[in-house]
Amino acid sequence: MSAKPVRKAVFPVGGLGTRFLPATKAIPKEMLPIVDRPLIQYAVDEAIEAGIEQMIFVTGRGKAAIEDHFDIAFELETTMSGRGKSLDILGPTRLRPGAVTYVRQQEPLGLGHAVWCARDVVGDEPFAVLLADDFMVGKPGCLKQMIDAYNRVGGNVICAEVVPDEHTHRYGIITPGAADGPLTEVKGLVEKPAPGTAPSNLSVIGRYILQPEVMGILSGQEKGAGGEIQLTDAMARMIGDQPFHGLTFAGTRYDCGDKVGFLHANMAMALSRDEMADDVELIMNELLEARVEPRRAA
Ligand code: G1P
693 MSAKPVRKAV
703 FPVGGLGTRF
713 LPATKAIPKE
723 MLPIVDRPLI
733 QYAVDEAIEA
743 GIEQMIFVTG
753 RGKAAIEDHF
763 DIAFELETTM
773 SGRGKSLDIL
783 GPTRLRPGAV
793 TYVRQQEPLG
803 LGHAVWCARD
813 VVGDEPFAVL
823 LADDFMVGKP
833 GCLKQMIDAY
843 NRVGGNVICA
853 EVVPDEHTHR
863 YGIITPGAAD
873 GPLTEVKGLV
883 EKPAPGTAPS
893 NLSVIGRYIL
903 QPEVMGILSG
913 QEKGAGGEIQ
923 LTDAMARMIG
933 DQPFHGLTFA
943 GTRYDCGDKV
953 GFLHANMAMA
963 LSRDEMADDV
973 ELIMNELLEA
983 RVEPRRAA
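Under this note's numbering, the first residue of the sequence shown is numbered 693, with each subsequent residue one higher.
Okay, here's the thing in structure tokens:
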């Protein structure tokens, strides 16, 4: 089937990042680095790899560092060039002129509201949504895997992952239908079900390919779980009218909305870097030994 191409991606980056205070008092949580790149850079790189041409950031107050990150830094570049230093390291921060748009979400009314704020820029075409907190490591990247699936089945494709039963209340949860390899038909969706009430433990992870009709549903501004306008609720209303699938991504997800998940991602990525892996491994082993030794002595 020939599905309409996905050219635009929405990055909701308006959140307050309270879980990482005080680090995120003056800098956006999306600018926290995994080794030496901010989280948002990984998400943008993933989108570019998947063929996305237009990045739409839904920002809020205090998020200007994201705009600066994806801009030319004249003083920095002039100084580096003057010292004979290569600017290659800055390459991924240089988005094609005109390939980035910023819209503001004036009030934190929920993920659905953030996506809806991008409606005029998205227009009448399918689009992707990437939540930078969900740091996805795979080859090809998560969104590329999803686009490949979308090109076969069309409609809406969301990223899905099995989570432990005791975590289902933190996620959007899928009522699964027929499965075909990594693709599962989505029969129902519920946002953050109360413990013990989840229809499955297949959760929604922060990557979506959605049809533009979702914007019309979101304009109803209906509030759901936590009193917020939920993307999950709007998606649930499209089930039955359009194909809807969950894709279990081949790769690893790190929950960088959580401190331990964020540290996990940093350790894993450091160990994947040739120039530092040996040193980091040594340090990790020393730290573990130091933790184990006192216990042995006791
Ligand atoms: C959001 C979505 C939720 C999804 C999750 C994935 O929740 O509302 O459906 O499962 O992202 O990370 P949040 O993490 O913003 O609370």
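C-beta atoms are modelled at their ideal positions from N, C-alpha and C, and glycine is treated no differently.
- Of the heavy atoms belonging to ligand 1, none sits nearer than 6 Å to the Cβ of Ile-909.
- Met-927 counts as buried, since no fewer than 16 other beta carbons sit within 10 angstroms of its beta carbon.
- With 16 or more other CB atoms across the displayed protein chains lying within 10 angstroms of its CB, Leu-835 is buried.
- Note on Pro-725: under 16 other CB atoms within 10 angstroms of its CB, so exposed under the neighbour-count rule.
- Ligand 1 has a heavy atom closer than 6 Å to the beta-carbon of Asp-826.
- Judged by DSSP secondary structure, Ile-781 falls outside any alpha helix (DSSP H); it is assigned neither H nor E.
- Looking at the backbone, the Cα of Val-906 and that of Val-882 are separated by about 16 Å.
- Beta-bridge partners of Glu-853 (DSSP): Ser-895.
- Inter-segment contact for the stretch 839-849 and the stretch 918-926 is absent: fewer than three beta-carbon pairs are separated by less than 8 Å.
- Beyond the five residues adjoining it in sequence on each side, Gly-752 comes within less than 6 Å, by CB distance, of Gly-706, Gln-797 in the same chain, given in chain order.
- Taking 6 Å as the cut-off, one finds at least one heavy atom of ligand 1 near enough to the beta carbon of Val-896.
- The DSSP-derived three-state label of Thr-924 is helix.
- The DSSP assignment places complete alpha helix (DSSP H) segments of no fewer than 4 residues inside the stretch 758-832 at 766-774, 803-808, 811-814, in order along the chain.
- Contact annotation: the stretch 888-900 touches the stretch 864-874, with at least three C-beta pairs closer than 8 Å.
- Rounded to whole angstroms, the separation of the alpha carbons of Ala-960 and Val-855 is 20 Å.
- The C-alpha of Ala-886 is placed about 23 Å away from the C-alpha of Pro-800.
- With the rule of 3 Cβ pairs closer than 8 Å, the stretch 765-782 does not count as touching the stretch 732-747.
- Around Cys-948, the same chain offers Leu-724, Ile-726, Leu-731, Ala-824, Asp-825, Asp-826, Phe-827, Phe-954, Ala-957 as residues with beta carbons nearer than 8 Å, after the five sequence neighbours per side are excluded.
- Tyr-842 sits in a helix when the DSSP states are folded into three classes.
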